[in-house]
Amino acid sequence: MPELFIGGQWTTAAEGRTREIRCPADGTLVAAVDEAGPEDAAAAVAAARDAFDRGPWPRTPAAERGRLLLRVACLLERDKAAFARAESLDTGKRLVESEYDMDDIANCFRYFGNLGAAGGTDRVVDAGSPETDSRVVHEPVGVCSLITPWNYPLLQTAWKVAPALAAGNTFVLKPSELTPHTAILLMRALAEAGLPDGAANLVLGAGDTVGAPLTSDERVDMVSFTGGLVTGRRIMAAAAPTVKKVALELGGKNPNIVFADAEFDTAVDYALMAVFLHSGQVCSAGARLLVEDSLHDAFVDEVVRRAREIRLGGPFDEHARTGPLISAAHRDKVEAYVAAGLAEGAVLRLGGARPEDPALSGGFYYPPTVLDECAPGMSVVRDESFGPVLTVERFRDEDEAVALANDTVYGLAGAVWTGDAERAHRVAARLRCGTVWINDFHPYVPQAEWGGMKQSGVGRELGPAGLAEYQEAKHIWRNTAPRPQRWFE
Ligand code: TXE
115 MPELFIGGQW
125 TTAAEGRTRE
135 IRCPADGTLV
145 AAVDEAGPED
155 AAAAVAAARD
165 AFDRGPWPRT
175 PAAERGRLLL
185 RVACLLERDK
195 AAFARAESLD
205 TGKRLVESEY
215 DMDDIANCFR
225 YFGNLGAAGG
235 TDRVVDAGSP
245 ETDSRVVHEP
255 VGVCSLITPW
265 NYPLLQTAWK
275 VAPALAAGNT
285 FVLKPSELTP
295 HTAILLMRAL
305 AEAGLPDGAA
315 NLVLGAGDTV
325 GAPLTSDERV
335 DMVSFTGGLV
345 TGRRIMAAAA
355 PTVKKVALEL
365 GGKNPNIVFA
375 DAEFDTAVDY
385 ALMAVFLHSG
395 QVCSAGARLL
405 VEDSLHDAFV
415 DEVVRRAREI
425 RLGGPFDEHA
435 RTGPLISAAH
445 RDKVEAYVAA
455 GLAEGAVLRL
465 GGARPEDPAL
475 SGGFYYPPTV
485 LDECAPGMSV
495 VRDESFGPVL
505 TVERFRDEDE
515 AVALANDTVY
525 GLAGAVWTGD
535 AERAHRVAAR
545 LRCGTVWIND
555 FHPYVPQAEW
565 GGMKQSGVGR
575 ELGPAGLAEY
585 QEAKHIWRNT
595 APRPQRWFE
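In structure tokens form, the structure reads like this:
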């Protein structure tokens, strides 16, 4: 069956090319899917443009749009097993984690379905005159290019698709070329839920050939992108000549600050989860552990002891606790960061070499790795390795902890562990990042905004601001008693 979805039709790639998708856990072929090119991207943009300018979706009442999103949430729940399996085969992620993701995704559709339907963003303005009727209304931005990565393929797609549709936009989605399958399933669900033709379009393929045209085409009004910093900068530049609205989520290098008065076992437990969840391929991964000097030795010893027990394995291995990296190229990159860190003086406490277990030899596995005695200038501390690599730095006091935490170009998330509530709030207020967890790590809810300060991005996803991102405010002013003004007399 063809896998590109353009103008309500399933179609093959214009150039007839396909791409093999292989499971990163063992290299088995998942499927060969259509590989779009610039011609397909242009056709998808044309379909989205036409659907926006002439189709029913932008003019559908918000409450009805919301109801459609609620139907999509039900379809996601109905087909959860198929979605989760597809996600795990593409990413190598444990099936149970993909299942959690699918629950979150259904919740995301439900949240934006209800938020959009509730309306309430339009308002009457008191313009100071009884002869004026002044209102601010919110309209869709237009045609949106939605470009998503491979680590949480459908989750990151849902964070864009749900608010974009709730607000009445039409879109072209380009998922990562490595993980296309849940995007294909989502298009089927949107069609089944009754979305009009052309409102949702899907192209599959590489970033430079099919992604890039979506960021420069003058018929596109907005680009929403989640991915790496380097690609994010390129997309911002590509969108500049036509001054598109841009929303970017570009990852982070997130500090996890542990004070000596933190509850020891819980802080250790979460320090592991913070960085090793999904083998570190998480934008909010707590990859920089900052530990108070007096706690350092005991804390790092315990982190190392427990990290050593983390079992690697494929999506359907019930004993595995984390999976492979997404690709050979990505594992090479992670390895290079570890090598650079060691060359720059870090002390290897755990990991640092590919696993020897022959059962894992077919996948892109890399073990939990702990680098101690790290310093701010090291590339492994500064850059997002996006692998299971924990760097450890020491601090003496609160000021030094905050300074180290903020010493990064990123600003996505951070955490502080302490038994002192006053200190927790002081530190939270001083951290320059979009999310701060106090005595926790990683939770998020669709009701609360998600996004980064500094070079972690532009704009917010989720929450009311996540809907507003896909809206334009329009001020409508009506003079109810017009008469000559005689300005020039
Ligand atoms: O991501 P890219 P990559 C970080 C992480 C990772 C690094 C590179 O550090 O190691 O990014 O990963 C599409 N125009 N994150 O190379 O390139 C591409 O096809 C338009 C953080 O896989 O950012 C894919 O669909 N699109 C992150 C998407 O961009 C382009 C999640 C992401 O790919 C394009 C993933 C172009 N010129 C990686 N070039 C997070 N924030 O969670 C590529 N793409």
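Positions in the sequence shown are counted from 1; adding 114 to them yields our numbering. Beta carbons: idealized from backbone N, C-alpha and C, even for Gly. Quick caveat: nothing in here was measured; it's all calculated off a predicted structure.
Could you tell me if residue i is buried or exposed, where buried requires 16 or more neighbouring beta carbons within 10 angstroms of its beta carbon?
| i | result |
| --- | --- |
| asparagine 370 | buried |
| aspartate 154 | buried |
| methionine 216 | buried |
| glutamine 123 | exposed |
| tryptophan 551 | buried |
| serine 259 | buried |
| proline 327 | buried |
| leucine 143 | exposed |
| tryptophan 171 | buried |
| alanine 442 | exposed |
| alanine 139 | buried |
| phenylalanine 430 | exposed |
| glutamine 395 | buried |
| lysine 588 | exposed |
| serine 243 | exposed |
Report whether the distance from the Cβ of residue i to the nearest heavy atom of ligand 1 is below 7 Å.
| i | result |
| --- | --- |
| leucine 364 | yes |
| phenylalanine 623 | Examination of residue 623 is not possible in this model, given that the chain is present from 115 through 603 alone. |
| glycine 325 | yes |
| glycine 321 | yes |
| cysteine 547 | no |
| glycine 565 | no |
| proline 267 | no |
| threonine 340 | yes |
| proline 263 | yes |
| arginine 463 | no |
| cysteine 397 | yes |
| threonine 345 | yes |
| glycine 290 | One point to set straight first is that residue 290 is serine, not glycine, in the sequence displayed. At least one heavy atom of ligand 1 is nearer than 7 Å to the Cβ of serine 290, so yes. |
| phenylalanine 197 | no |
| arginine 131 | no |
| histidine 295 | no |
| histidine 589 | no |
| lysine 447 | yes |
| histidine 444 | yes |
Ignore the nearest five residues each way along the sequence and tell me which others in residue i's own chain have a CB closer than 7 Å to its CB.
| i | result |
| --- | --- |
| alanine 454 | Ser493 and Val494 |
| glutamine 67 | Residue 67 is absent from the model: the chain starts at 115 and stops at 603. |
| proline 263 | Gln270, Ser290, Thr340 and Gly341 |
| leucine 409 | Val372 and Ala374 |
| aspartate 521 | Pro490 |
| arginine 179 | Gly230, Leu279, Ala280 and Gly282 |
| alanine 519 | Pro369, Ile371, Leu404, Gly528 and Leu545 |
Select from the options the residue whose C-alpha is nearest the C-alpha of residue i.
| i | options | result |
| --- | --- | --- |
| glutamate 449 | Pro172, Thr293, Pro469 and Gly319 | Pro469 |
| arginine 402 | Ala196, Val503, Thr436 and Gly341 | Val503 |
| glycine 476 | Asn265, Arg136 and Leu118 | Arg136 |
| arginine 420 | Val372, Tyr558, Glu191 and Ala381 | Ala381 |
| arginine 508 | Phe500, Ser499, Pro490 and Glu498 | Pro490 |
| glutamate 117 | Met387, Asp383, Arg302 and Val418 | Arg302 |
| arginine 208 | Arg163, Arg192 and Tyr266 | Tyr266 |
| histidine 295 | Ala198, Asp379 and Glu416 | Ala198 |
| leucine 304 | Thr293, Phe285, Gly319 and Asp164 | Phe285 |
| lysine 358 | Asp322, Arg185 and Asp335 | Asp335 |
| arginine 181 | Glu245, Pro429, Glu134 and Ala276 | Ala276 |
| valine 417 | Asp431, Met350 and Val372 | Val372 |
| alanine 534 | Gly548, Ala517, Phe555 and Glu512 | As written in the sequence, residue 534 is aspartate, which differs from the alanine given in the question. The shortest Cα separation from aspartate 534 among Gly548, Ala517, Phe555 and Glu512 belongs to Glu512. |
| proline 175 | Ala232, Pro472, Leu189 and Ala195 | Ala232 |
| glycine 319 | Ser338, Leu287, Pro310 and Gly308 | Leu287 |
| glutamine 561 | Trp273, Arg592 and Thr235 | Trp273 |
| leucine 581 | Ala160, Tyr225 and Thr126 | Tyr225 |
Please list, in chain order, all residues of the same chain as residue i whose beta carbon is under 8 Å from its beta carbon, the five residues on each side excluded.
| i | result |
| --- | --- |
| threonine 132 | Ala146, Val147, Asp148 and Glu149 |
Tell me, please, which residues DSSP counts as bridged to residue i.
| i | result |
| --- | --- |
| valine 250 | Arg237 and His589 |
| glutamine 123 | Ile120 |
| leucine 464 | Val484 |
| serine 338 | Leu260 and Ala361 |
| tryptophan 564 | Glu575 |
| alanine 527 | Thr549 |
| lysine 288 | Ile261 |
| alanine 145 | Ile135 |
| valine 503 | Thr483 |
| valine 414 | Answer by DSSP bridge pairing: none, since valine 414 is not bridged. |
| proline 369 | Arg402 |
Between residue i and the rest of its own chain, which residues show a CB-CB distance below 6 Å, the 5 nearest in sequence each way excluded?
| i | result |
| --- | --- |
| glutamate 377 | none |
| arginine 544 | Val516 |
| proline 482 | Phe390, Ala421, Ile424, Gly465 and Pro502 |
| arginine 445 | Leu439, Phe478 and Tyr480 |
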